[in-house]
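Enquirer: Mind looking over this structure? Questions follow.
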Amino acid sequence: MKHVFLESHNIKNQFNGFGQFNYHLINGLYNAQIEDFKITLNAKNTTPLKDKYGNYFNYKTYKSLSRKPLFRIKKKYDVWHSLNQNIKVEPFFNIPYVLTIHDVNFVDEVSNDMDHKVNLRFKEKLKRSNAITYISEFAKQSTHKYFDVPNVPEYVIYNGNPISKLQTDFKAVTPVTQRPFLFFIGGLTARKNPHTLVQMLEHLPDFDLVLAGSKKDDYTTNVLETAIAKTNTKSQIHILGKISSTEKHYYYKHCEALVFPSLLEGFGLPPIEAMSYGKPVFLSNLTSLPEIGGKHAYYWDNFDPKYMANVLIEGLHKYETNKAFYINTYQERAKSFNWDTAALQYADVYRSLF
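Per the working numbering, the sequence shown starts with residue 41, numbered consecutively.
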């Protein structure tokens, strides 16, 4: 039997995009009940995986030392899958290798010097690859823009929608506002651009804004809170930090709209999560978001506050005048992003290298 190795140690942190990707892909591969090859999961804590999946998978305990060249994993698997472009764990031997690229944002955020160590490491991953998968057409285009991509098979495999079931029990949630509100979820960072929503809110006195997401850097203090003070919108804004799954479902279900002015997205899950609840989504017209949001989402071409407010008001009016159509359209689009389908596509990529 053939053996496929998933370098999946990022599953330990399911509050970030890589952790979510690992978790849902593994779930999809389990649901596929594959019989013609065996999958090994690499994780720091294998106990919860064994409890959930039993002997369907093999398991290897991740060790940080395996990132060092001399201590790389020496077993010759039939296929090695590097689940994101930032992973430092590599096989010791030259074996069939699948690389999944979520984005190459590090060119903008770290360095555009192609001799920088981050870019050099990524170039080595490209050279090692026998097949490359991307989570969006944008991720593929931007990789080709900055790097020489080897002449190997390339595939765009969209992420699935992690919301498979709508939630109805919200007894454990204490709402932060009783007023109509707009919802943003994502890291409270410069890349996600939420301060533009604060500036927009100055022109929307009838709405509150709920911001959910981790505060990883000084952006919240230096940019976001400064914008709140300058616009005098403090009473309208609720910064929650990280929230539970139940809270996330609550705010999707009860918001007037998702507002997501992100500057850099390899995929962008919040739009399809919000669409699961039939909610209108307002997105920046940048990177992968038009590709994911589709033609019935609403887009900002710039971040002028009054312009953003007008787009939102006009979009909400359009949504309300034909609500049943939009709810159905959004929910059908959300369903089209399916993790079980994605997992089967990844399995076919593995088979192509046997």
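Here a beta-carbon is modelled for each residue, glycine too, at the ideal position from N, C-alpha and C.
(1) Thinking just about the alpha-carbon of each residue, which of Glu194, Lys108 and His235 is nearest to the one in isoleucine 127?
(2) DSSP has tryptophan 379 in a bridge; who is on the other side?
(3) What does DSSP give as the partner residues of tyrosine 339 in its beta bridges?
(4) Given aspartate 388, which residues of its chain have a CB within under 6 Å of its CB, disregarding the five upstream and five downstream residues?
(5) Residue range of the beta strand (DSSP E) that aspartate 248 falls in?
(6) Tell me the DSSP secondary structure of alanine 297 in three-state form.
(7) Compare the beta carbon distance of methionine 240 and proline 345 with 8 Å and say whether it is the shorter of the two.
(8) Under 8 Å, with one C-beta from each stretch per pair, do the stretch 165-182 and the stretch 135-144 reach the 3-pair mark?
(9) Valine 321: buried (16+ other C-beta within 10 angstroms of its C-beta) or exposed?
(10) Helix, strand or coil: how does DSSP classify serine 285 here?
(11) Applying the 10 Å Cβ sphere with the 16-neighbour rule, what's the burial state of glycine 68?
(12) Whole angstroms is fine: what's the gap from lysine 319's alpha carbon to lysine 358's?
(13) Between Gly281, Leu393, Asp118 and Val44, which lies nearest to valine 216 when the distance is taken from Cα to Cα?
(14) Pick out whichever of Glu194, Lys165 and Gly227 has its Cα sitting closest to the Cα of glycine 57.
(15) According to DSSP, simplified to helix, strand and coil, what is threonine 361?
(16) How should asparagine 134 be labelled, buried or exposed, when 16 other C-beta atoms within 10 angstroms of its C-beta is the threshold for buried?
(17) Of all the options Lys363, Glu354, Glu360 and Ser302, which has the alpha carbon lying nearest to the alpha carbon of glycine 333?
(18) Tyrosine 186: which of Leu393, Thr208 and Lys163 sits nearest, CA to CA?
Expert: A quick look at the data gives this:
(1) Taking the sequence shown and counting its residues from 1, one reaches residue 127 at position 87. Checked all of Glu194, Lys108 and His235; the closest Cα to isoleucine 127 is Lys108.
(2) Your numbering for residue 379 matches position 339 in the sequence shown. For tryptophan 379, which the question treats as bridged, DSSP gives no partner whatsoever.
(3) Residue numbering aside, residue 339 sits at position 299 when the sequence shown is read from its first letter. DSSP, once it has assigned bridges, lists Leu323 as partnering tyrosine 339.
(4) Working through the sequence shown from its first residue, we reach residue 388 at position 348. Nothing listed; no residue qualifies.
(5) By 1-based counting over the sequence shown, the position of residue 248 is 208. Residues 248-252.
(6) Counting from one through the sequence shown, the residue named residue 297 turns up at place 257. Note: alanine 297 maps to strand in three-state DSSP.
(7) The residue you call residue 240 lines up with position 200 of the sequence shown. The residue you call residue 345 lines up with position 305 of the sequence shown. Taking 8 Å as the Cβ cut-off, methionine 240 and proline 345 qualify as a contacting pair.
(8) yes
(9) Translated into positions along the sequence shown, residue 321 becomes position 281. When all chains shown are included, valine 321 counts as buried.
(10) In the sequence shown, residue 285 corresponds to position 245, counting from 1. Serine 285 falls in the helix class under three-state DSSP.
(11) Translated into the one-based positions of the sequence shown, residue 68 becomes position 28. The residue is buried, with at least 16 neighbouring Cβ atoms inside 10 Å.
(12) Reading the sequence shown from its first residue, position 279 is the one you call residue 319. Reading the sequence shown from its first residue, position 318 is the one you call residue 358. Each residue's alpha carbon lies about 12 Å from the other.
(13) The residue you call residue 216 lines up with position 176 of the sequence shown. Here the closest residue by C-alpha is Gly281.
(14) Walking along the sequence shown from the start, residue 57 turns up at place 17. The shortest C-alpha separation from glycine 57 is found at Gly227.
(15) Counting from one through the sequence shown, the residue named residue 361 turns up at place 321. Reduced to three states, the DSSP call for threonine 361 is helix.
(16) Your numbering for residue 134 matches position 94 in the sequence shown. Asparagine 134 is exposed by the Cβ-count criterion.
(17) In the sequence shown, counting from the first residue as 1, residue 333 sits at position 293. When each option's Cα is compared against that of glycine 333, the closest is Ser302.
(18) Translated into the one-based positions of the sequence shown, residue 186 becomes position 146. Residue Lys163 is the option with its Cα nearest to tyrosine 186.
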